[in-house]
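One structure below.
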Amino acid sequence: MSSILSSKWTKVLVFFLCLGPLGYLGWRAYHGRLTANPIEYITHYTGDYILIFLVLTLSITPARKLLGLPQLIRFRRMLGLFAFFYACLHFLTYIVLDQFFDFAAMVDDVAKRKYITVGFTGFVLLIPLAVTSSAGWIRRLGGRRWQQLHRLVYITAAAGVIHFYWLVKSDITRPVRYGAVVAFLLIFRLAVWLANRQARPQTLRSPVKLTPTAGS
Amino acid sequence: MLIKKSSPWEIPYSEITPQSVYLSRRRFLTRTVAAGAALAAGRAVLPGWLSPTGAQAGTKLTGVTKSSYGTDEKITPYEHVTNYNNFYEFGTDKEQPAKLAKDFKTSPWTVAVEGEVAKPAVYDLDTILKLAPLEERIYRHRCVEAWSIVVPWIGFPLHALVKMVEPTAKAKFVAFQTLFDPKQMPVARHAGIPFPYVEGLRMDEAMHPLAILCVGMYGETLPNQNGAPFRLVVPWKYGFKSIKSIVKIRFQEKQPPATWNLATPNEYGFYSNVNPDVDHPRWSQKSERRLGEFLKRKTLPFNGYASQVSQLYAGMDLRKNY
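The listed protein sequences correspond, in order, to chains C and S. To convert, note that position 184 of the first sequence is 184 in the working numbering; the numbers rise steadily by one, no gaps. To convert, note that position 135 of the second sequence is 135 in the working numbering; the numbers rise steadily by one, no gaps.
Here it is as structure tokens:
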């Protein structure tokens, strides 16, 4: 398993799998199967895949720990960048197809409609993450600061779910499903963080005896 | 008094509808697929168009006169109007009702007319079809979700039924109710709105000649997903007021409840007149996308029917009474 995950061909395969949803959308467009309202269909379709790729990206860390497969880290950046890629498509669909460059209407939307405000915020927060996703930027920022910056993805994931939840008229089944998955992934991190914090005072602090009551 | 005269917008029906083309193409495809399936399976398969349940929808309506209450705008293709529906009893995705309402039982069907009327009645569908001469009305239909269609509905003025049952002086409102059968509508429980679906009109709105009871469209009886066997069409209000598959009509003194208003009162009011100046909290109502068109078009007050209906609301604050 670990040798398969380490193979460069696996990475190539995953790359093309990530393009699959776009290919399928193209196939549907070619065959005229984008429903009676193609612009709405493309908007919802690309929106769905942002959430799917955000969930996949956030799943890497828990999966590495729970499945004991540290090699999975090789795919995290690519999945994250695909989330950004589908977010760009989603945003471009809105600007070009839906609003057709009607900037006054778009400013109005972002200011007045809270589901668009929150969705737009989530998208904007992804930009610095995409920009700093290269190895060079990790070096420049330093691992710790880079990691702190990239925690913004938690906010984007939550914003994406809220965006979807506020958009639907009444049937909340699907946004709640995404919300449950994102909540699980974030709570997992919180649990790990709390466990580490509890473990730390004994290992780090007790030998130097700075706080005699620590750990109690 | 409506004077029937020939106007430039009264284009012969055969010229403006591409529906027969769509239909014949679809039937051809169905038959081809069915035949192919039969061959592949090596046994007799009863094709869809021969099965007893498939026979109800799409029956030609004869003796339909053209009404001058109509628009000369381009009719939306039949395929769009029948595959992009809000009918939450059959799913909240636009394409679900066409699939999930396929076996919806619309015959036998009865409608109870009750409440503040001298002549309460239970009508069966055949009686309804003969209540008044059927007219074709080509109306704009504007959804609150900012899309719109142009549909050649077939029906008769709602006031024909109202007059027949003789409302009493106490009848100030008309309440409508859609059939709710959880057995036939298993996905309804995910919809997030209360059922049965209910709607209402003020008496003067119900008496307005533009408000029709609709039994068909594109020359045929209504497809199930479009509200078979019969529905209301109120073209100057958002689409959700045009309640589908009606089983009860009740005349009453009090303003009746309306489903979307019950579900989210700050988003949907009782009147729900199309109004570009009053935004829905989650989307602008200034413009709309006509299905099949790329650029949005401006939304008109009362969906373009202002000259006919605005006097109904004289003196009312339409921002408050949204």
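C-beta atoms are modelled at their ideal positions from N, C-alpha and C, and glycine is treated no differently.
Q: Mind listing the chain C neighbours of His190 (chain S)? Cutoff is C-beta to C-beta under 8 Å, in chain order.
A: Asp171 and Thr173
Q.
Based on DSSP bridge pairs, tell me the residues matched to Phe251 (chain S).
A. S:Gly115 and S:Val174
(Q) Using only the alpha-carbon positions, how far apart do Ala130 (chain C) and Phe123 (chain C) sit? (A) 11 Å
Q. Between the Cα of Pro120 (chain S) and the Cα atoms of S:Arg297, S:Phe270, S:Leu291 and S:Arg250, which residue gives the shortest distance?
A. S:Arg250
Q. How about Leu295 (chain S): is its C-beta nearer than 8 Å to some C-beta of chain C?
A. yes
Q. Candidates S:Ala191, S:Pro77 and S:Val162: which alpha carbon is nearest Gln252 (chain S)'s?
A. S:Val162
Q. Exposed or buried, Asp277 (chain S), counting other C-beta atoms within 10 Å across all chains shown (16 or more means buried)?
A. exposed
Q) With Val234 (chain S) and Lys241 (chain S) assumed to form a contact (beta carbons below 8 Å), what rounded beta-carbon distance in angstroms separates them? A) 5 Å
Q. To the nearest angstrom, how far is it from the Cα of Pro219 (chain C) to the Cα of Ser3 (chain C)?
A. Past the boundaries of the shown model lies residue 219 (chain C); chain C is included only from 1 to 216, so the question cannot be answered.
Q: Could you check how far apart the C-beta atoms of Val113 (chain S) and Pro167 (chain S) are, in whole angstroms? I think they sit under 8 Å.
A: The Cβ separation is near 10 Å, so there is no contact.
**Q.** Start and end residues, alpha helix (DSSP H) containing Ser2 (chain C)
**A.** Ser2 to Ser6
Q: Could you please tell me which residues of the segment 44 to 69 of chain C, in chain order, have their CB closer than 9 Å to any CB of chain S?
A: none
**Q.** Interface positions of the segment 5 to 28 of chain C facing chain S (Cβ-Cβ less than 7 Å), listed along the chain
**A.** none
Q | Boundaries (first-last residue) of the alpha helix (DSSP H) holding Asp231 (chain C) | A | This structure cannot settle anything about residue 231 (chain C), because the visible part of chain C is limited to 1 through 216.
Q: Take Leu222 (chain S) and list the residues in its own chain whose beta-carbon comes closer than 6 Å to its own, dropping the five residues that flank it on each side.
A: Gly216 and Ala228
Q.
Under 9 Å, CB to CB, which of the residues in the segment 113 to 124 of chain S have a partner in chain C?
A. none
(Q) I'd like to check one pair, Met203 (chain S) with Phe173 (chain S): are the Cβ atoms closer than 8 Å? (A) yes
(Q) Could you check whether the segment 188 to 195 of chain C touches the segment 279 to 292 of chain S, counting it as contact only if at least three pairs of C-beta atoms, one from each stretch, sit closer than 8 Å? (A) no
Q) Using the beta-carbon count (16 or more within 10 Å), is Val177 (chain S) buried or exposed? A) A quick correction: the sequence has Gln, not Val, at residue 177 (chain S). By the neighbour-count rule (16 or more Cβ atoms within 10 Å), Gln177 (chain S) is buried.
(Q) Please classify Thr127 (chain S) as buried or exposed, where buried requires at least 16 neighbouring CB atoms within 10 angstroms. (A) exposed
**Q.** Segment contact flag, the segment 34 to 46 of chain C with the segment 90 to 98 of chain C, C-beta cutoff 8 Å, min 3 pairs
**A.** yes
(Q) Checking the sheet assignment: what are the DSSP bridge partners for Met217 (chain S)? (A) S:Trp153 and S:Glu220
Q) So Leu79 (chain C) packs on Ala157 (chain C), CB below 8 Å; how close in whole Å? A) The pair is not a contact, with the Cβ atoms about 12 Å apart (cut-off 8 Å).
Q) Between S:Lys170, S:His280 and S:Thr71, which lies nearest to Val151 (chain S) when the distance is taken from Cα to Cα? A) S:Thr71
Q: Out of C:Ala159, C:Val55, C:Thr46 and C:Gly26, point me to the one whose CA is closest to Ile116 (chain C)'s CA.
A: C:Ala159
Q. Cα separation between Asn266 (chain S) and Pro196 (chain S)?
A. 21 Å
**Q.** Rounded straight-line distance, which links the Cα of Leu152 (chain C) to that of Cys143 (chain S)
**A.** 37 Å
Q) In the DSSP assignment, what residue or residues form a beta bridge with Lys66 (chain S)? A) S:Glu136
(Q) Which residues in chain C have a C-beta closer than 7 Å to the C-beta of Leu291 (chain S)? List them in chain order. (A) Ala36 and Asn37
Q) Considering only residues of the same chain and omitting the five flanking positions on each side of Tyr178 (chain C), which have a CB-CB separation below 6 Å? A) Leu51 and Val161
**Q.** C-alpha distance - Thr62 (chain S) paired with Leu56 (chain C), whole-angstrom precision
**A.** 57 Å
**Q.** Pick from S:Arg289, S:Val309, S:Asn275 and S:Tyr218 that is closest to Lys60 (chain S), judged by C-alpha positions
**A.** S:Tyr218
**Q.** His141 (chain S) - partner residues in DSSP beta bridges
**A.** S:Ile149
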